[in-house]
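Protein chains in written order, with our numbering: chain V, 5 to 208; chain X, 5 to 208; chain U, 5 to 208; chain R, 5 to 208. Glycine included, each C-beta is placed from N, C-alpha and C at the ideal position. These figures come from a predicted structure and were not determined experimentally.
There are 4 protein chains.
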Amino acid sequence: MSDYPAAETAVLLVDPLNEFLSDGGKLYPYTEPIANAVGTVANLKRLVEGARTAGLTIAYALHHSNTGGDYDGWNFLNPSHKGARDLRLFEAGSFGVQVHPDVAPQPGDIMAREHWTASGFAGTDLDFLLKQRGIDRVVIAGNRANTCIDSTGRYAVELGYHATLISDAIAAFSQDEMDATINVNWPSFGHAVLTTDQFLGMLG
Amino acid sequence: MSDYPAAETAVLLVDPLNEFLSDGGKLYPYTEPIANAVGTVANLKRLVEGARTAGLTIAYALHHSNTGGDYDGWNFLNPSHKGARDLRLFEAGSFGVQVHPDVAPQPGDIMAREHWTASGFAGTDLDFLLKQRGIDRVVIAGNRANTCIDSTGRYAVELGYHATLISDAIAAFSQDEMDATINVNWPSFGHAVLTTDQFLGMLG
Amino acid sequence: MSDYPAAETAVLLVDPLNEFLSDGGKLYPYTEPIANAVGTVANLKRLVEGARTAGLTIAYALHHSNTGGDYDGWNFLNPSHKGARDLRLFEAGSFGVQVHPDVAPQPGDIMAREHWTASGFAGTDLDFLLKQRGIDRVVIAGNRANTCIDSTGRYAVELGYHATLISDAIAAFSQDEMDATINVNWPSFGHAVLTTDQFLGMLG
Amino acid sequence: MSDYPAAETAVLLVDPLNEFLSDGGKLYPYTEPIANAVGTVANLKRLVEGARTAGLTIAYALHHSNTGGDYDGWNFLNPSHKGARDLRLFEAGSFGVQVHPDVAPQPGDIMAREHWTASGFAGTDLDFLLKQRGIDRVVIAGNRANTCIDSTGRYAVELGYHATLISDAIAAFSQDEMDATINVNWPSFGHAVLTTDQFLGMLG
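Right under this line is the structure:
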């Protein structure tokens, strides 16, 4: 049996947002060099199209859309909370919080509640919705390598899922961040690291 | 020291929605007898006003707003999922999913992500947002006694919170449901059962 | 297909302990009337034997074994924590914390970490271990109806499991507690309420 | 006010085990070069002694002690599960699963349930026990940098805690692993990275 039976596998896109991936996104200047070098958007597009053709579930885990004052009264803002607040990232209704049009959601996809920090599972219904569909394998891509991608992968493993990283369908602000996730961490905690081509070659 | 210091206590309203509490709400015919008998809306209003005056945090845990097709492909719908689907409860944009106007949210209140089932904590950011404000005591009211109220209280205790039920600021479909939560269950797992007057008398 | 395919179903025994079920258990005086009336131990035995024969997984969720001082420094003891402390319930190494010999664990059974309060899922590895075995349906029995049984069932549903109560393989301190769980609550949140005979009749 | 008030702060030791830190530990050959270079054990000892003197809580999050057959029937073993099984790591009753004697637990310390994978919070009662003591800040040290330390830190942040890494009271199998956690990841998701001396200098 394939490691990725269609009925049990979801491609899980974490923050595939214009903010990171599109000209005009507020973080695009930071991700552009890596995204261009690895072909993140083109690979995400092929990944999602191939997965849809093979009948896999597509799931989206998107970052909190800020409406102003969201962090007022918090005791312990972490760097990503401060960045979101101070740089006005992920503003509700903005271009940045839209999913990149090449991997736009379709009816029937899983849309998890928005996450506040890094893990797509923390404080959301992602685990519940995956379980309701009988999904026990997640294939993770999106942004940003060493924060949301890494954290979502770690949570997936702790929750009992099989967790695969698509190493050329992610981006980050530096090669060090890419290396930390792809070469150092995921091989220590996850189940597989594959390129888009390798993964698509394993489907049907 | 009071059991309810203002900086550490939130009044947590679970599903204080028109669907349950207002003429025209789809479940109001079922809750109206109990709600009228105990004065649920009037007590909720006094509870929230008193808590605001005393400087407590107000938190809202609201049910998922259905947009159609939300339960497609699910393996295991429970009775509340089936009811929401079949009776078209909690429809996004409807009168029913609005908070009752007498206890409407104000800027600065905690608005947790919507819950799919019964516990305001399950698959939501409620615990995270309470922690970020330093809240460790929750005072629970709303609907429906033996489902969302009871489940949210049980989760609160398991998560380490002090959990109080306001016995006359809830409603249910039958007196048996009220009794199960107020007289049988909460005294077994929770920290306190108080009327609105008793609780307000302990503030300031 | 059966609602209870062997490879996907676990009989989940919550606190099937001598403390509740055996002469000499500290809580047995409180559960004995109900346990005798419904035949709890005999039904638990038939339930587990039938499930083992049919190839189902058996899982145990057991209460924390107290070693003395366990609750020192806690902010918010609930009634069950206070009871355990003051009545010296569930003492490590005692007769009371042993599983009733008629339903003793066998090699290969799932043994979840002990729980502190009521839900067998809260603060334990039960969900993780069930997932690692591919279990998505739980059939719950044990003690005490309106505390651990009810809470474990609520968590199961919130986590995406199909949750069945075996109504004559549980016990409680009063008929009100039994009624609250069997007749009022489980039908509102769970997927099925069956007797031992009804459930066994649905297996292979 | 200090960032680390004694009543609200715990030094959280993740896997400070002989297996990693002592001659004879099965993983010590892999951690010894880094542990010697940074002085991990000596720093852990000073960290814990200083924290005890200042009145902070000490908490332990220890890895699952294997008893044989623990991973039988699991669907998705990750690399650390396979390593534990195949190399017979963390065997119950062995020298390796004992806490290093220089930082041995004392009565009143928090002892969380054992974790199966990397995060000290996942599938354990750690969050519950910290909350019961009113702890909202954790200061993390132990092993191994990019697995258990990194994962425990990520969970702490997602759960609403202030999370500090003690960069010279951890160890790993390579400098790349240390760098990934200390220089790349923690500064992206956590609240502080301090040496033992820096942290102790901030207490009382």
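Could you tell me which residues DSSP pairs with residue i in its beta bridges?
i                         : result
glutamate 23 of chain R   : Per DSSP, none; premise fails for glutamate 23 of chain R.
asparagine 147 of chain U : U/Ala175
alanine 196 of chain V    : V/Thr168
isoleucine 114 of chain R : R/Ala63
valine 188 of chain V     : None; valine 188 of chain V has no bridge partner.
leucine 93 of chain R     : Paired residue(s): none; leucine 93 of chain R is not in a bridge.
leucine 17 of chain V     : V/Tyr64 and V/Ala145
Check residue i in the structure and name its three-state DSSP category.
i                        : result
glutamate 181 of chain R : helix
arginine 158 of chain X  : helix
glutamate 36 of chain V  : helix
valine 101 of chain U    : coil
arginine 141 of chain R  : strand
glutamate 12 of chain X  : helix
asparagine 70 of chain R : strand
alanine 41 of chain X    : helix
alanine 122 of chain X   : coil
leucine 133 of chain V   : helix
Looking at the secondary structure, which residues open and close the alpha helix (DSSP H) in which residue i lies?
i                        : result
threonine 57 of chain R  : 44–57
threonine 200 of chain X : 200–205
alanine 108 of chain V   : Taken as a continuous stretch (DSSP letters only), alanine 108 of chain V belongs to no alpha helix (DSSP H), as it is neither H nor E.
valine 84 of chain U     : At residue 84 of chain U the sequence reads serine, which differs from the valine that was named. Residues 83–90.
Can you name the start and end residues of the beta strand (DSSP E) that residue i belongs to?
i                     : result
alanine 63 of chain R : 61–65
(request) Select from the region 70–104 of chain U all residues with a C-beta closer than 8 Å to any C-beta belonging to chain R, and list them in chain order. (result) Gly73, Asp76, Gly77, Trp78, Asn79 and Phe80
(message) Closer than 7 Å between beta carbons: that is the criterion. Which residues of the region 117–130 of chain X meet it against chain R?
(response) none
(request) Note down, in chain order, all residues in the region 136–157 of chain X with a beta-carbon under 9 Å from any beta-carbon belonging to chain V. (result) Gln136, Arg137 and Gly138
(request) Can you give me, in chain order, the residues of the region 186–201 of chain U that have a beta carbon less than 9 Å from any beta carbon in chain X? (result) Asn187, Val188, Asn189, Pro191, Ser192, Phe193, Gly194 and His195
(request) Return the residues of the region 160–182 of chain V that lie within a Cβ-Cβ distance of less than 9 Å from chain U, sorted by chain order. (result) Glu162, Leu163, Gly164 and Tyr165
(request) Compile a chain-ordered list of the residues in the region 52–64 of chain U whose CB is closer than 8 Å to at least one CB of chain X. (result) none
(message) Please list, in chain order, the residues of the region 8–20 of chain V that have any C-beta partner in chain R closer than 7 Å.
(response) none
(message) Give me the subset of the region 20–33 of chain V whose CB atoms are less than 7 Å from a CB atom of chain X, sorted by chain position.
(response) none
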